[in-house]
């Protein structure tokens, strides 16, 4: 396997001041209206689902489908806005959207609810909305639902535009299912790999070797688990992780591969088989972990004004979408703690999916890892330079990138 920390040496290390001068303490809350909102109610369970298309470019918008009890339309709107930021920031020729279902994914009826939601959204799924996994909805499950609906795979709206959709579907499946070290598939880990390199890029910027950098990760599902794995492989000390059952801690560093092997299908670690030396703590203590980097990788709005002062990390790297509320982020900035926003730090999954669709990467994992690593390190270095030198938060710098996407001069072509 290639060196997980490779490719970063060209970034010049800098020292980020504790509190940059002229930090804007008032967050820039962007409230532009989405292109479209749809609401659906399941006649059998009463579950409510939403599709929000924030931007539509070239007739396409992309964004995952999540399921959780308590999901709201405002949450889905925030996530759709974030997807629009991701696609623009990574120069992808599509818009941003998001689906959400207010239902417990552990309910035995959850798969049926997901299938009925997708059937209800079929006009958009068939032609305009490219969706994928998200919180509560793993990729294999949404692909199974699409196959039962005769749509092949969740990238259907893009794949159907190809001259030979069957060949494109096979190419996409090869990329998603390409085997990588650790017993994983490329499509499952690429997003977390990008998050890991956002963290590594921050350490490079400080001039701190990975072995001397500590990390805490809230959530060890698809995104958080892969981020933890690649940080461990790079030599960073992951001292603290949390799942729905609580927080696990080891000051000398957790054996991440061993813990990931104990996960169930919901990203929860079996406490009955924990390695020796792992301390069990209350779930909320993850935010107060004494580490260099905090990675919220579970739920949206995890860091709020009420708990932001518990954060002791030097930087927050958002692996979960909308992990930090605007007010909490402003409070962190006032304390000199930058937040690398989700639409940069965790955008590797959507960027890679579209590179795969557009034929810019293939089923050779090293090609995908190399491209994402290089782009992520460059973007994070620019974000932290603006923070250190100008007092501009990483989110504001990222928004400046996202606000001016290049115009589409020709139709999106899927090879």
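Residue numbers (the numbering used here): 916 to 1330.
Every residue, glycine too, gets a C-beta built ideally from N, C-alpha and C.
Everything numeric in this text was worked out from a predicted model, so none of it was measured.
| Item | Value |
| --- | --- |
| Residue interval of the alpha helix (DSSP H) (run including residue 1145) | 1137–1148 |
| Between the CA atoms of residue 1015 and residue 988 - distance to the nearest angstrom | 8 Å |
| Own chain residues within Cβ distance below 6 Å of residue 1150, not counting five before or after | 1125 and 1126 |
| Any non-hydrogen atom of the ligand SAH within 8 Å of residue 1270 CB | The model depicted lacks the ligand SAH and carries no ligand whatsoever. |
| Range of the contiguous alpha helix (DSSP H) that encloses residue 1204 | Residue 1204 -> no alpha helix (DSSP H), and no H or E assigned at all. |
| Cβ separation of residue 1219 and residue 1200, assumed to be a contact under 8 Å, to the nearest whole Å | About 16 Å separates the two Cβ atoms, so there is no contact after all. |
| Option in 1293, 1301 and 1182 with minimal Cα separation from residue 1020 | 1182 |
| Cβ-Cβ separation, residue 1002 to residue 1265 (assumed contact under 8 Å), whole Å | 7 Å |
| Opposing strand residues paired with residue 1055 [DSSP bridges] | In DSSP, residue 1055 forms no bridge with anything. |
| Segments assigned alpha helix (DSSP H), at least 4 residues, entirely inside the region 1237–1299 | 1241–1249, 1257–1260 and 1263–1272 |
| Same chain, Cβ closer than 6 Å to residue 1138, five either side skipped, listed in chain order | 1106, 1107, 1212 and 1234 |
| CB-CB length for residue 1153 against residue 1146, believed under 8 Å | 6 Å |
| Straight-line gap, residue 1166 to residue 1318 (C-alpha atoms, nearest Å) | 42 Å |
| Residue 1034 versus residue 1143 - alpha carbon distance | 35 Å |
| For residue 977, the three-state DSSP class (helix, strand or coil) | strand |
| Residue 1158, enclosing beta strand (DSSP E) - first and last residue | 1152–1158 |
| Cβ pair residue 1299, residue 1253 closer than 9 Å | yes |
| For residue 1236 and residue 1325, the rounded distance between their alpha carbons | 31 Å |
| Helix, strand or coil at residue 1170 [DSSP, three-state] | coil |
| Environment of residue 1312 [buried if 16+ CB atoms lie within 10 Å] | buried |
| Residue range of the unbroken alpha helix (DSSP H) whose run includes residue 1164 | Segment 1161–1164 is the beta strand (DSSP E) holding residue 1164; no alpha helix (DSSP H) there. |
| First through last residue of the beta strand (DSSP E) which encompasses residue 1021 | From DSSP, residue 1021 is part of no beta strand (DSSP E); its letter is neither H nor E. |
| Inter-residue Cα distance where the pair is residue 1185 and residue 1093 | 28 Å |
| Three-way DSSP call (helix, strand, coil) for residue 1125 in this model | helix |
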